[in-house]
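In full-length UniProt numbering, the protein residues as written are 1 to 383.
Cβ coordinates follow ideal geometry from the N, Cα and C atoms, glycine included.
Working notes, structure below.
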């Protein structure tokens, strides 16, 4: 009997039950017959129910510097001791450890979740000269450490920087409960935002919706820093009672988020992000999840986003800084329930047909099946 290939996924930054790492990649590889282990930080509130991937727990550090030094070394030590066939890492700070493991003969894949260059350039606490220096330094470091590694790309446009990368796009796992759930009757005056909440993800744009519309209620389901939540309540002012934030200073698991989709007849899923280089080319995972749940999408009218919404006829793209346009979008969905339902069904069909994790899972499994020897990389695979 052929020995199962052993695979390690390691992260010092992401939550151990991160949807892309745990629920998609780890579980898909395990289902395909790989021996999968996760190396990730400890979750003090962890719920082991239904969790089947062995989890080697790293210490959680309050200091970022301590995590980058001691957490990285611990992840390296644990991975080295297991001696896996394939190692996949998910954080830039793990590049030196991954490089050392690569040099010891392991096949290594870097799963690139973010456009880290534009992420650096949008950090408000750094001056422009410092941003440019840090971004240039990151480019050089990445080029050195990731030579001859496989590169897994979560977004299509990352191929501009990584032409040898393999698209493993962050499409959603089709949720059968969503497919069976039918939107009946008029939608409630409630809109939903899921995922991490931050300034660059439109926290303040979304927080002012109750001010723009006297009837709308906005629900956030995802981790939100406590100080940002206070800022959002201040933006909403006297309408803050119609702002509901679930996840203040706490991670919300995928299963809980999925439950929230089914609890109400939402008017729309929202993604009114301010203009930034970091997000304008992305096809947000949020889009696919809203579509999977049959919700119309109201999002910013960045060219890539607008083209996506128009292609699938699944929502409305508006200027995130135009209050009147946002209010008109909300009113349109209220006043045209049949059209809103059609948008939701269009999105659901698109996810069922092509924009789903199963299409990416097949590529992932084929790729890992082909890997094995030192030096194998994504260059052998088609993107």
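task: Compare the beta carbon distance of residue 218 and residue 210 with 9 Å and say whether it is the shorter of the two.
output: yes
- request: Measure from the alpha carbon of residue 72 to the alpha carbon of each residue in 364, 214, 92, then state which is nearest.
  value: 92
query: What first and last residue would you give for the beta strand (DSSP E) that runs through residue 385?
result: The structure shown does not extend to residue 385, since the chain is modelled only from 1 through 383, so no value can be given for it.
Buried versus exposed call for residue 336 [16 or more other C-beta atoms within 10 Å across all chains shown]: exposed
message: I need the DSSP call for residue 374, collapsed to helix, strand or coil.
response: Residue placement at residue 374 cannot be trusted, given a pLDDT of 40 that sits under 50; the coordinates are not used to answer.
query: In terms of residue numbering, what span does the alpha helix (DSSP H) encompassing residue 226 cover?
result: 226–236
- prompt: For residue 330, does the count of other Cβ atoms within 10 angstroms reach 16, so buried, or fall short, so exposed?
  reply: buried
- prompt: Which class does residue 379 belong to by DSSP, given the choice of helix, strand or coil?
  reply: Residue placement at residue 379 is flagged as unreliable, the pLDDT there being 41, under the threshold of 50; a coordinate-derived value is accordingly withheld.
- prompt: Measuring CB to CB, does residue 187 end up less than 9 Å from residue 349?
  reply: Going by C-beta atoms, residue 187 is not nearer than 9 Å to residue 349.
query: Quick one, are the C-beta atoms of residue 158 and residue 112 less than 9 Å apart?
result: yes
task: Please check the pair residue 197 and residue 220, which I expect to be a contact at CB under 8 Å, by giving their CB distance rounded to whole angstroms.
output: 5 Å
message: For a test of the three-state rule: what should DSSP assign to residue 147, helix, strand or coil?
response: coil
- prompt: If we ignore side chains and look at the alpha-carbon of each, how far apart do residue 222 and residue 286 end up?
  reply: 12 Å
Same chain only: Cβ atoms within 6 Å of residue 279, ignoring 5 sequence neighbours per side: 273
query: Is it right to say residue 11 is buried, meaning 16 or more other beta carbons lie within 10 angstroms of its own, or is it exposed?
result: buried
Cβ-Cβ separation, residue 168 to residue 90 (assumed contact under 8 Å), whole Å: Between residue 168 and residue 90 the Cβ distance is about 12 Å, and since that is not below 8 Å, they are no contact.
- request: Keeping to the same chain, check which residues put their C-beta closer than 8 Å to that of residue 122; ignore five residues upstream and five downstream.
  value: 200, 276, 277, 278
- prompt: Which stretch, first to last residue, makes up the beta strand (DSSP E) that contains residue 246?
  reply: 243–248
task: Indicate the three-state DSSP secondary structure (helix, strand or coil) for residue 168 in the structure shown.
output: coil
- prompt: Just how far apart, CA to CA, sit residue 342 and residue 106?
  reply: Taking the straight line from one Cα to the other gives about 50 Å.
message: Checking 9 Å against the spacing of the C-beta atoms, do residue 270 and residue 309 come in under that value?
response: no
Buried or exposed by the 16-neighbour rule on C-beta atoms within 10 Å, applied to residue 102: It counts as buried.
query: Can you tell which of 137, 152, 23, 242 has its C-alpha closest to the C-alpha of residue 189?
result: 242
Between the CA atoms of residue 315 and residue 109 - distance to the nearest angstrom: 36 Å
task: State yes or no: is the C-beta of residue 260 within less than 9 Å of the C-beta of residue 179?
output: no
query: Which whole-angstrom value describes the C-beta separation of residue 19 and residue 41, a residue pair presumed to lie in contact below a C-beta threshold of 8 Å?
result: Incorrect: roughly 16 Å between the Cβ atoms, too far for contact.
- prompt: Taking the DSSP output, what are the residues bridged to residue 193?
  reply: 220
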